[in-house]
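Residue numbers (our numbering), protein chains in the order written: chain A, 1 to 676; chain B, 677 to 994; chain C, 995 to 1269.
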Amino acid sequence: MAVPMHTSNRLFLPARDTRMLLIKWVVALIVPLAVFNFVWQGDALINNVILGFINPASAPVTDGQLVEAVIFIAIFYLTLLALAGYLVAADSGRRGVLEVWIDILIFTVVPILLIVATSNNLILGLALCGIVWPIYFILRRRIPFLSFLNPKSVPPPEGLRLIDSEQRAIMIGRARAGGFWFGTSFAVIWLFVDLIFFLSGQLPTELLVVTAIRTVLLPLGGYFLGQLGGMLAVRRTLAANGNGNGNHASEESSLRSRRQKERQILATSRASEETRAVVPNDLPLRSTGARNFFLILLVAFVVFYPVIDPFLFGSGTAGRLSGYNDAGYYVILALGLNIVVGFAGLLDLGYVAFFAIGAYAWGIVGSTQLGFISPIHIPFNALSGLFWPMLLVTALIAAGWGVLLGAPTLRLRGDYLAIVTLGFGEIVPVVFLNLDTLTNGTNGIVGVHSPAFFGVFWSQITPIPYYYLILALIGLTIFANIRLRDSRLGRAWIAMREDEIAAASSGVNLVRTKLFAFGTGAFFSGLAGAYYSAKLGGVSPETFGFGDSVIYLAMVVIGGIGSIPGVIVGALTVYSINLFILNSLDTLASDPTNFLHSFDQFIVNIVPGFTFGNIRNLVFGIILIVIMIFRPAGLIPSARRRRELTRAPEGEAALELGSLDVTTTDPGFEAEVRIE
Amino acid sequence: MTLFIQLLLVGIISGSVYALIALGYTMVYGIIELINFAHGDIFMMGTFITITIYSAFHITDNPPFGMPIVAALVVAFLASTILCAILGVVIERIAYRPLRNAPRLAPLISAIGVSLILEDVGKLWKGLSPISPPQIFNTIYYIGPITISITDIIVVVTAAVLMIALQWMVTSTRIGRAMRAVAQDREAAALMGVNVDRIISFTFLVGAGLAGAAGFIFLLKFPTTTFTIGFELGLIAFTAAVLGGIGNLVGAMLGGLLIGLIGSLVNLIPNSSDPNVHGFGIPHGGGAWSLAIIFAILILILVFRPSGLLGQQTPEKV
Amino acid sequence: MSVEQVREHSGQPLLDLQNVSKHFGGLAAVQDVNLQIWPGEIISIIGPNGAGKTTVFNLITGIYRASVGDISLDGASLVGLTPDRVLRRGIARTFQNIRLFNNMTVMENVLVGQHSQLSASILGSLFRPPRVHNEEANARVRAIELLGFFGNELIERQEEYVINLSYAQKRRVEIARALGSKPKLLLLDEPTAGMNEVETLEAVKYVRRLRDELDLTILLIEHKLAVTMGISDRIAVLDYGRKIAEGLPEDIRRNEQVIAAYLGKPTVAEQQTAD
């Protein structure tokens, strides 16, 4: 079933096999794009931006937003065009057209429709997806009629193909065609739509110019960007003659030659995971190359979100952003705890202690409190500027306490370690509560200053600067986590988690490694704490308790212990359940026309005092137990755990959420969440 | 001085309750090496069941002594004990048994999940605010300046009887022997013909039953309960179990008493802002810090004597 | 060194155990053991199960602390050092039951073995300056070299998780990991356990190669007498925690106490009927 490679490359009259590929991928990309545009009038997005540029008086868009929107749109289109090229080039032909289309339908169109169905509620819509997708997976595995939808696993040596330069040229030609035809189809469809609007009088004449420009630029851009996508795809092939990817005979550092040698060995190795990253690929949507495209789109979406939001969801941007800001520090906490629990395997049930330390550290320094307890009086207008250096200082203070509080646990076994950390998690808030002179006790500290940037003060009213601050902090945290995980220290942590004695016997200093884990984890907690008290404008001891530590642990566990994308998803999931979903259900249930209303009434008759918000812990508890029993590796398992997911006796592979093309896992491995 | 003895008394009584709860923790940990986070919440359920029975019997404050009141007490005690015992077994079956062979972290998290569920169930059942049972006993005796009420005596006696019964069961009966065998070496016990699953369920049964009984007893002396009581008391009781040496029954009893005494006697530490003590003492007095002090003790024990007062070190075989 | 070599050794022993004892509560797992090992030797410790052989290993590597006596490497005492310190002094080991890091790949396991040879600090790990970058790359290259000691097979499987490997392959990875720290002395705990004849012969060959090509001194615990007889320069025999014999293989083979230890001493009744 592999796509034959001995065809010539014609752009306008492509050969039959290329045509099939084009149909497959162009339709696969156009359909979600069309749905998205239809639902949210994406072209209206662009039109408004252009109108605002041409006619500033009539449009409500500010200059800054203009620029941002333009950049976002440009990135969006460029990425899609290149992605089209990449996908066409990367396809090995093993996965049929229908399968790909259905997958795209389920994973892109369905979420869009669900979000719209829940009245443009992003969180609720995604939550519903979280129910629909597992159902799809189960159906796909269980119902024989639908079994063709499952991706077939490929024996590794066959999956890893060696490409010569002629085949490479063909692939690039295909990629060019892919980009070109995608761009063309897109341009034609939109030309059509715009003409209809114009003829019905809804499109201003000025915008016709834009339409014309677009119709020309898209195919052209598609051609070149498709080629770029193809080149990216081809970079991941293995040259048959072992000289690297047809590289220029550049300076051969001994390092590069060694790497070539390793690649050569890989070509004949039986490591099947490598096939996913190398093209041609039977799972092009899921290959590492495609993932980079998706990451670019995701990052662009997140970074430009404040601009896009009004177009997507209408009013209420500020409220939503504020909610995301809160979700943001949960993400940092989850990532920090992931270092302690996920990498190093130290079960920390008192993580909230370091969060509290961070919050109080800035709380004391950033307000008048410092003046009360010490002779240091910082002038009021300097306080806000002090936030930036204090961010680092606070994190370091928290890290220091991480080391101090971690020290007593060094020789303890897993569950005892958990209890001691839990103990600290209880002691610290009590200390903050009772040391009135230092912390103002139950009243907490008010009037904590928010940060300032180049003289511009951030009030608590606009959430936008906080949004970018938390994004920056999250980005930093992710970067640090990835770097640490793949380093000498990260290996030491994982080795220690797997087998302490073997690790020590291999040279890992257990004391230092554990203390580093605690300290690093606490560092990020301190960052989040400083952000928290700055944003909230105050800090009080009642907000820190064991329940919070449980929530942080739940985020890590539900998301996927040790997995960086996993805990991010886990944090967002837990946060949504905690704050959004249940409350939204309550709001929906209070509407008498909603079917939820009668359901709610029915339950209230039996159990007075029932509200959806009230059963938050109940829901959490059930989720935790279910996850532990059925999917202990979490929603998005780390790469290590992924290969160990259990195959149930009936021959089912375990659910793997969050991936578009799903590989079947190898049989016979046991679920192991090895943390001791 | 009278304050000291009074506090001593309170300490013994609360210690007895802690001891009963601690026994459940230590038995479960001894047999499957799991810290049953939900155990404290089973205790909470016991208190709620007791209150429900009292209101079913229409008991009000200071009832006249007679059959109805005795019946109510007996039914409440039995209901609390038996229902909690069953609850314990059900929890084990649903949330812990499937994870018998999973690594340590999994059942621990599952236990946290169960705890969360029970707390919300309690919240839905009896509401958010603390509730109180009727005051049943009123007789107070005076020994010099010391006040003892009849409830004090009932509490201590009942607790002692239960503990003795448990100790007898574990040491002298066949099933007790089986429990000890499973706790020491599960596989060997299975090879000797012990039905491990049933013994583990039985352990949960007894442990949870004791927690239920503790709930009944607790309400006699401390007439307030709320859905969050399980967590706090549970943690304190677990500290007691660890202090005494986890897995060791006598240790749990001892630990319970000690923690009860400590928790009570810290109230002797004066409040530094109290003008009578001229600055001596700690802010807000010892009472406010009791939780922190108990945890600090727990941490110190675990660091310097990880096996507790009466526990045994089991070195890891390399 | 061949088996017939002169028994005299000159200079300081590489590893010196002097009157080493270890008590667990009332039980003496190891009692009054004396042993000297000179550089370049292959020494075997044999004895019935429970004789205390692995305990001796654990004492040398710092997992247990000797109750009595001294253990020194090149004259410097090892008693009281933590296992990672012992490793840094130059003693690496493998385990009886193979203790690899199951959730890591072959390459990662061997990289961990080089932990003591690398020097990236936490800041270095975060910022990856060229020095750290090169260090990591070189470490990987060295890992491949170490794996290559056993042929191409493990190199080809370097990105596989060790849990997928066969038993014999896992043993080799464990040895490659141990070699990462550039040890002077290698302790192998039952390296041929669970292997069939072919695999055992292979193992014997690479143990010799380890000594010859990599200049290591090797102390092994071994149950298969054929292996020990063939490979060892000297053999020490433990029984009930005590050393009951030591010497050249052919002497040990004929030693009555050794035979009695393995086969059991005859009871009084049996002895009477024998007479």
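Every residue gets a Cβ at the ideal spot worked out from N, C-alpha and C, and that includes glycine.
Same chain, Cβ closer than 6 angstroms to VAL428/A, five either side skipped, listed in chain order
Counting from one through the first sequence, the residue named residue 428/A turns up at place 428. Around VAL428/A: ALA353, ALA356.
For a quick check, are the C-beta atoms of GLY221/A and LEU81/A less than 8 angstroms apart?
Here residue 221/A refers to the residue found at position 221 of the first sequence. Here residue 81/A refers to the residue found at position 81 of the first sequence. Cβ distance < 8 angstroms, so GLY221/A and LEU81/A count as in contact.
7 angstroms Cβ shell around ILE1092/C - same chain, five flanking residues per side excluded:
On the third sequence, position 98 is the one that residue 1092/C refers to. Short of 7 angstroms from the beta carbon of ILE1092/C, and not among the five residues preceding or following it, lie these beta carbons of its own chain, in chain order: LYS1164, ARG1165, GLU1168.
Based on Cα-Cα distance, which residue from PRO1042/C, ALA1133/C, TYR1161/C, THR1194/C lies nearest to VAL1221/C?
Numbered from its first residue, the third sequence carries residue 1221/C at position 227. The shortest C-alpha separation from VAL1221/C is found at THR1194/C.
Name, please, each residue of chain A whose Cβ falls closer than 8 angstroms to the Cβ of GLY920/B.
Residue numbering aside, residue 920/B sits at position 244 when the second sequence is read from its first letter. Going along chain A, no residue has its Cβ under 8 angstroms from GLY920/B, so there is no contact; the nearest lies around 14 angstroms.
Whole-angstrom Cβ separation of GLY366/A and MET390/A, contact assumed at under 8 angstroms?
Taking the first sequence and counting its residues from 1, one reaches residue 366/A at position 366. Taking the first sequence and counting its residues from 1, one reaches residue 390/A at position 390. 7 angstroms between Cβ atoms; contact.
Selected residue, minimal CA-CA separation from GLY566/A, among ALA15/A, LYS152/A, LEU515/A, ASN338/A
Mapped onto the first sequence, residue 566/A falls at position 566. In this structure, ASN338/A is the residue among ALA15/A, LYS152/A, LEU515/A, ASN338/A with its C-alpha nearest to the C-alpha of GLY566/A.
How would you list, in chain order, the residues of chain B whose beta-carbon sits under 8 angstroms from the beta-carbon of GLU542/A?
Looking up residue 542/A in the first sequence gives position 542. In chain order: nothing, as chain B lies at least about 13 angstroms away.
How would you call PRO608/A, buried or exposed, if buried means at least 16 neighbouring beta carbons within 10 angstroms?
Residue 608/A sits at position 608 when you count from the first residue of the first sequence. With fewer than 16 Cβ atoms within 10 Å of its Cβ, PRO608/A is classed as exposed.
Selected residue, minimal CA-CA separation from ALA782/B, among LEU624/A, LEU21/A, VAL299/A:
In the second sequence, counting from the first residue as 1, residue 782/B sits at position 106. Nearest C-alpha to ALA782/B among LEU624/A, LEU21/A, VAL299/A: LEU624/A.
Nearest-angstrom Cα separation, counted from VAL299/A out to LEU321/A
For the purposes of this step, residue 321/A is taken as the residue at position 321 of the first sequence. For the purposes of this step, residue 299/A is taken as the residue at position 299 of the first sequence. Whole-angstrom Cα-Cα distance: 16 angstroms.
Beta carbon of GLY183/A, beta carbon of LEU83/A: below 8 angstroms?
To locate residue 183/A, count along the first sequence from 1; it is residue 183. To locate residue 83/A, count along the first sequence from 1; it is residue 83. Judged by their CB atoms, GLY183/A and LEU83/A are not nearer to each other than the 8 angstroms cut-off.
Using a C-beta cutoff of 8 angstroms, does ARG488/A count as contacting chain E?
Absent from the structure is chain E; the protein chains it does hold are A, B and C.
Option nearest THR1211/C by Cα separation, candidates GLU1196/C, MET1223/C, ASP1227/C, LYS1199/C:
As a first step, residue 1211/C must be located in the third sequence, where it is residue number 217. Checked all of GLU1196/C, MET1223/C, ASP1227/C, LYS1199/C; the closest Cα to THR1211/C is ASP1227/C.
Proximal chain A residues relative to HIS715/B, where beta-carbon distance stays under 8 angstroms
Here the question's residue 715/B lines up with position 39 in the second sequence. Against chain A, a Cβ distance below 8 angstroms from HIS715/B picks out nothing, because the smallest value is about 13 angstroms.
Near ALA1197/C, what residues of its chain come up, given a Cβ to Cβ distance below 7 angstroms and the 5 sequence neighbours on each side ignored?
What you label residue 1197/C is simply residue 203 of the third sequence in a count that begins at 1. In chain order, PRO1185, THR1186, MET1189 place their CB closer than 7 angstroms to the CB of ALA1197/C, counting only its own chain and leaving out the 5 sequence neighbours on each side.
If I follow the unbroken beta strand (DSSP E) through HIS960/B, where does it start and stop?
For the purposes of this step, residue 960/B is taken as the residue at position 284 of the second sequence. Run containing HIS960/B: none; DSSP gives neither H nor E here.
DSSP-derived helix/strand/coil call for ASN1103/C:
If you number the third sequence from 1, residue 1103/C lands on position 109. Looking at ASN1103/C - three-state DSSP - the assignment turns out to be helix.
Leaving aside the five residues before and after MET231/A along the sequence, list all residues of the same chain whose C-beta is less than 7 angstroms from its C-beta, in chain order.
Translated into positions along the first sequence, residue 231/A becomes position 231. Once the five neighbours on either side are set aside, the close Cβ partners of MET231/A are ILE172.
Alpha carbon to alpha carbon, what distance is there between CYS760/B and ILE30/A?
In the first sequence, counting from the first residue as 1, residue 30/A sits at position 30. In the second sequence, counting from the first residue as 1, residue 760/B sits at position 84. Cα-Cα distance, rounded: 60 angstroms.
Can you tell which of LEU1213/C, ILE1229/C, VAL1073/C, LEU1141/C has its C-alpha closest to the C-alpha of PHE1089/C?
Translated into the one-based positions of the third sequence, residue 1089/C becomes position 95. When each option's Cα is compared against that of PHE1089/C, the closest is LEU1213/C.
Since GLY507/A meets chain C, which of its residues come closer than 7 angstroms, beta carbon to beta carbon?
Within the first sequence, residue 507/A is the residue found at index 507, counting from 1. What GLY507/A touches in chain C: ASP1078, LEU1081, ARG1082, HIS1109, SER1110, SER1175.
Helix, strand or coil for LEU645/A? Go by DSSP, reduced to three states.
Position 645 of the first sequence holds residue 645/A. Note that LEU645/A scores 44 on pLDDT, short of 50, meaning its location in the model is unreliable and no value can be drawn from it.
Give me the Cα-Cα distance between ASN578/A and ARG616/A, rounded to the nearest whole angstrom.
Position 578 of the first sequence holds residue 578/A. Position 616 of the first sequence holds residue 616/A. ASN578/A and ARG616/A have their C-alpha atoms some 7 angstroms from each other.
What residues of chain A sit near THR1186/C, judged by a beta carbon separation below 7 angstroms?
Residue mapping note: residue 1186/C aligns to position 192 of the third sequence, counting from 1. Under the 7 angstroms cutoff, chain A gives no residues; its nearest Cβ is about 20 angstroms from THR1186/C.
Below 8 angstroms between beta carbons: does that hold for TYR772/B and SER786/B?
Your numbering for residue 772/B matches position 96 in the second sequence. Your numbering for residue 786/B matches position 110 in the second sequence. Closer than 8 angstroms, so yes.
Applying the criterion that 16 or more other CB atoms from any shown protein chain within 10 Å of the CB defines a buried residue, is VAL1080/C buried or exposed?
Here the question's residue 1080/C lines up with position 86 in the third sequence. Of the residues assessed, VAL1080/C falls on the buried side of the cut-off, its CB having 16 or more other CB atoms within 10 angstroms.
For LEU896/B, collect the residues of the same chain with a Cβ closer than 8 angstroms to its Cβ; drop the 5 residues on either side in sequence, then sort them by chain order.
The residue you call residue 896/B lines up with position 220 of the second sequence. Same-chain partners within the cutoff: ILE812, PHE813, THR827, ILE830, VAL831.
Kindly indicate which three-state DSSP category GLU498/A falls into: helix, strand or coil?
In the first sequence, counting from the first residue as 1, residue 498/A sits at position 498. DSSP places GLU498/A in helix when its eight states are reduced to three.
Tell me whether GLY246/A sits in a helix, a strand or coil according to DSSP, three-state version.
On the first sequence, position 246 is the one that residue 246/A refers to. Note that GLY246/A has pLDDT 37, beneath the 50 cutoff, so the model's placement of it is unreliable and the number below is only indicative. Of the three classes helix, strand and coil, the one that applies to GLY246/A here is coil, per DSSP.
Within 10 Å of its beta-carbon, does PRO379/A have 16 or more other beta-carbons around it, so buried, or fewer, so exposed?
As a position in the first sequence, residue 379/A is number 379, starting the count at 1. Exposed, by the Cβ-count rule.
Along chain A, which residues have their Cβ under 8 angstroms away from the Cβ of LEU784/B?
Counted from its first residue, the second sequence places residue 784/B at position 108. Chain A residues near LEU784/B: LEU347, ASP415, ALA418.
For ARG485/A, I'd like the list of residues in its chain whose CB is within less than 7 angstroms of its CB, leaving aside the five on either flank, ordered along the chain.
What you label residue 485/A is simply residue 485 of the first sequence in a count that begins at 1. So the list reads PHE343, once near-sequence residues are dropped.
Quick test of the definition: if touching needs 3 or more C-beta pairs under 8 angstroms, does the stretch 471-481 of chain A touch the stretch 532-542 of chain A?
No, the stretch 471-481 of chain A is not in contact with the stretch 532-542 of chain A.
Cα-Cα separation between LEU113/A and LEU98/A, rounded to whole angstroms
Taking the first residue of the first sequence as position 1, residue 113/A is located at position 113. Taking the first residue of the first sequence as position 1, residue 98/A is located at position 98. If you draw a straight line from the Cα of LEU113/A to the Cα of LEU98/A, it comes to about 21 angstroms.
Straight-line gap, GLU863/B to ILE707/B (C-alpha atoms, nearest Å)
Taking the second sequence and counting its residues from 1, one reaches residue 863/B at position 187. Taking the second sequence and counting its residues from 1, one reaches residue 707/B at position 31. One C-alpha to the other measures close to 12 angstroms.
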